[in-house]
Amino acid sequence: MKVITIGRLKGNDVVIEDEKVSRYHLQIVQFDDGSFRLIDFGSTNGSYVNGVRVEHETVLQMNDFVRIGDQMLPWTTYFEPGFISQSQSGFDNPGPTKVHNKKVKFHVALQILLWILGMGNLLWAGFQAFLLVRNVFRMMDYPECICTIDLVCWVMSIFAHVGIGTGALMLLVKQSLAGFYCMSISALVAIILCIVEMVRYAVVLDNVILLSSLVLSMGLLCAFFTLKKDGRSGWNKLFG
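Residues 706 to 945 (the numbering used here) make up the sequence shown, in order.
The following block contains the structure:
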């Protein structure tokens, strides 16, 4: 069994000088059977595996991404034969303990999909907002023509487009699970809107765009949530 401790203070096997890293942040244990386990020491800012915060401890797979503070940890290198603990060698160790602040690489097809969802929906939402404001000013001269249901649906449609677009860009730029949640909530709103609009009216351009965005969003969400195996997130299978 081999234990690697990681934190901000000297005495850890891996020392990371970052204010977001606790003095004794976590340890990673390699057992005799070759399995790995990450144990968080109750750190203030937490430890994240594949973007998900670890409550106390979790099993690690070789291709899992581990992040603490703003640092992505090359944790597998800590168990290579050439690794030298910084608690023994001081701060002159140029080896694999160096932490690189890097982002996970997106698959090209996923980048294209997210850009289309993000920019396309935000641009369309802006156009729809312009039309809404223009029509509201026109209808002020004819109050009897104002339909509350139409206005509510219009506003909800704009928010759905903004939510899907914002979620896609958050996922692309920040690589945050908040992007998935934003897209999923917006997708639910889009489903309700599409059902209401198709019952009341024929299919219009906005519904076609909203449905297309909905299909892409739900496809991406389903791909993420169905790529789970043995309790592991499909995050690293969508990226890389």
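We put the CB at the ideal spot given by N, CA and C, even for glycine.
Beta-carbon contacts of residue i that lie in its chain and below 7 Å, excluding the five residues immediately before and after
i, result
"Leu898", "Cys858, Met861, Ser862, Ala865 and Leu915"
"Gly739", "none"
"Lys879", "none"
For residue i, three-class secondary structure by DSSP
i, result
"Asp718", "coil"
"Tyr729", "coil"
"Phe784", "helix"
"Thr749", "coil"
"Arg713", "coil"
"Met888", "helix"
"Ile947", "Shown here, the chain extends from 706 to 945; a query on residue 947 therefore has no answer."
"Gln735", "strand"
"Ile744", "strand"
Pair within 8 Å by beta-carbon distance, residue i and residue j
i, j, result
"Val719", "Tyr783", "yes"
"Val867", "Leu827", "yes"
"Asp745", "Glu724", "no"
"Leu818", "Ile869", "no"
"Leu951", "Val757", "The structure shown does not extend to residue 951, since the chain is modelled only from 706 through 945, so no value can be given for it."
"Ser752", "Val771", "yes"
"Gln816", "Leu877", "yes"
"Gly716", "Ser792", "yes"
With 16 other Cβ atoms within 10 Å as the buried cut-off, status of residue i
i, result
"Ala883", "exposed"
"Ile854", "exposed"
"Val838", "exposed"
"Met875", "buried"
"Pro799", "Model confidence at Pro799 stands at a pLDDT of 36, short of 50, so the residue's coordinates are unreliable; what they give is reported in the following sentence. Per the 10 Å Cβ criterion, exposed."
Sequence-distant residues of its chain with Cβ nearer than 6 Å to residue i (five each side left out)
i, result
"Ser748", "Ser727 and His730"
"Gly951", "Coverage of the chain is limited to positions 706 through 945, which leaves residue 951 absent and any answer about it impossible."
"Arg709", "The residue asked about is misnamed: residue 709 is Ile in this sequence, not Arg. These residues qualify, in order along the chain: Asp718, Ile733 and Tyr783."
"Phe736", "Met706"
"Ala830", "Ile863, His866 and Val867"
"Ser790", "Asp718"
"Phe832", "none"
Cut-off 8 Å between Cβ atoms - residues of its own chain near residue i, not counting five sequence neighbours on either side
i, result
"Asn750", "Lys725, Val726, Ser727, Ile773 and Gly774"
"Thr781", "Met767"
"Val901", "Cys858"
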